[in-house]
Amino acid sequence: MDLLNTLVDKGLRRELPTREEALAVLATSDDELLDVVAAAGKVRRQWFGRRVKLNYLVNLKSGLCPEDCSYCSQRLGSKAEILKYTWLKPEEASQAAAAGVAGGAKRVCLVASGRGPTDRDVERVGRTIEAIKEQNEGIEVCACLGLLSDGQAEKLRDAGADAYNHNLNTSEATYGQITKTHTYADRVDTVEKAHAAGLSACSGLIAGMGETDEDLVDVVFSLRELDADSVPVNFLIPFEGTPLAKEWNLTPQRCLRILAMARFVCPDVEVRLAGGREVHLRSLQPLALNIVNSIFLGDYLTSEGQAGQADLDMIADAGFEVEGAGTTTLPAHRSDAASPAGGGCGSGGASLCGSGAGAGTAADADAAGCGSACGGCSGHAHAETAPVAAQPAQAEPGALRSDLVAVRRRGAGTDIAPNA
């Protein structure tokens, strides 16, 4: 197909497709689906080989949010049956993070509900970041705390944060239909603040909220313009008790087309398969690994993901490998622009989400780390009462903990708040 050949060529050169080409990807038929996946896979392998980065969410504060985001189980007035708790202590968050690291995660995403942090909250999260990094050498930490005020991104950076997540979620034209308590411009401003402070910018979308193809293309083009290093793609799970409870309009095939479109528009950034993948992609999740290069391990914010061992088995069975802690995620042309602290977080300041010339080779891609989805508020809140087992701070080199599930499945009735 001429369209796919054109998109592959552009992706290998980090050249921006036209909006018409992006829309055409979303309009392809199911008969063409495997061709679309294969084409996106060529671009994915050019920049990321067959590596899959694992990320792990720690929900620092759940529920009790004053914002009215229609998709969110934690929203003002939500009747969704989720766990609600205030701030975890730094040592509790560090213990939760250690479970993800033991399972192979190289990034921990610290998420807190609310409009945005106070300066005291930022200090609290700073202490949590320090505790996690003391216990887990080399781990990346991404904060997701809502709208940032002036100076807060710099404080998080100084505390050791590598990245900041704040999703655009949908297009500017339709944003006012899902949220009234803040604006699309507020979200853009926060991403720009994070980027200006030298944090790796992570920002993505939620598909399945009733948006049009034009909305999806608009938000992905906006993410490219913002130069996000990481683009998490969430798929809405309609929570009972929220305004979008009846929005069940995604198929596995449409999800794959959306992921492919995001890959073609942002070819050399971390495209993360985030919240809702288990519900909407179902048995086609392994196909998505040919497009994305990053997923969350285990649970989300108020939703339970598939078991950690199932994720690891899926990656291996599909012929991919878990990205090691010593590997930089992003291609060299993006990671070279990282902050001086340098770990694996390419801020990408020198390259506009895949723009420009001088695309490297697959070997260049293998020389390249960063991103975070902090993946949306989708899913079901299961409240199981499995005992909390003590876990080591870090797995032995090369060892992935197959018993991660024993730590993940925490809920009401346990001593430590869950990450889901």
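In this text, residue positions in the sequence shown follow the working numbering: the first is 2, and each later residue adds one.
C-beta: ideal position from N, C-alpha, C; glycine also.
Can you tell which of the options has its C-alpha closest to the C-alpha of residue i?
i	options	result
D269	A229, V280, V109	A229
S71	T171, L58, I292	T171
P233	R273, A261, L146	R273
C145	V126, Q136, L34, G152	V126
G327	L8, K54, C143, A160	K54
L5	R335, F265, L282, M315	F265
I179	S150, D216, D337	D216
W88	G101, R128, D214	R128
L61	C143, V38, K43, L288	C143
I140	A113, A164, K107, L149	K107
A197	Y165, E92, V112	Y165
L35	A311, A289, E322, G242	A289
A39	G299, I292, T329	I292
N168	E138, L245, A275, E241	A275
C203	P244, P239, T252, C267	C267
L260	L227, E92, I296, P239	I296
A103	L24, S231, V323, A208	V323
S231	L8, P332, A246, A25	P332
L227	K194, K156, S336, A317	K194
Which of the three DSSP states, helix, strand or coil, is assigned to residue i?
i	result
F265	helix
S95	helix
A390	Bear in mind that a pLDDT of 31 at A390, under 50, signals an unreliable position, so the number given afterwards is only what the model happens to contain. Coil at A390, not helix or strand.
K233	Note on identity: in this sequence residue 233 is Pro, with Lys being the wrong assignment. It is a strand residue.
F297	strand
S340	Residue placement at S340 is poorly supported in this model, since its pLDDT is 42, which falls under 50; the coordinates are not used for a value here.
Y72	coil
E16	coil
E322	strand
For residue i and residue j, which I take to be in contact (beta-carbon distance under 8 Å), what is that distance rounded to the nearest angstrom?
i	j	result
G211	E248	6 Å
L313	G105	7 Å
I130	A160	5 Å
L148	R116	6 Å
D214	A28	7 Å
A246	P239	5 Å
D163	S201	6 Å
A23	M262	5 Å
Name the two residues that bound the continuous beta strand (DSSP E) containing residue i.
i	result
L13	Run containing L13: none in the beta strand (DSSP E); it sits in the alpha helix (DSSP H), 3-13.
V53	52-62
A202	201-203
I207	206-208
Y165	164-166
Counting only C-beta atoms, is residue i closer than 8 Å to chain C at any point?
i	result
S231	Chain labels in this structure do not include chain C; a single protein chain is all it has.
Could you spell out where the alpha helix (DSSP H) holding residue i opens and where it closes?
i	result
V189	185-197
A40	34-49
A174	173-176
L224	214-226
Contiguous beta strand (DSSP E) assignments of at least 3 residues, all confined to the region 98-160 = 108-113, 141-145
ask   = Which ranges would you report for the beta strand (DSSP E) in the region 242-295 if only whole runs of at least 3 residues count?
value = Within the region 242-295, the runs of beta strand (DSSP E) at least 3 residues long that lie entirely inside it are, in chain order, 271-274.
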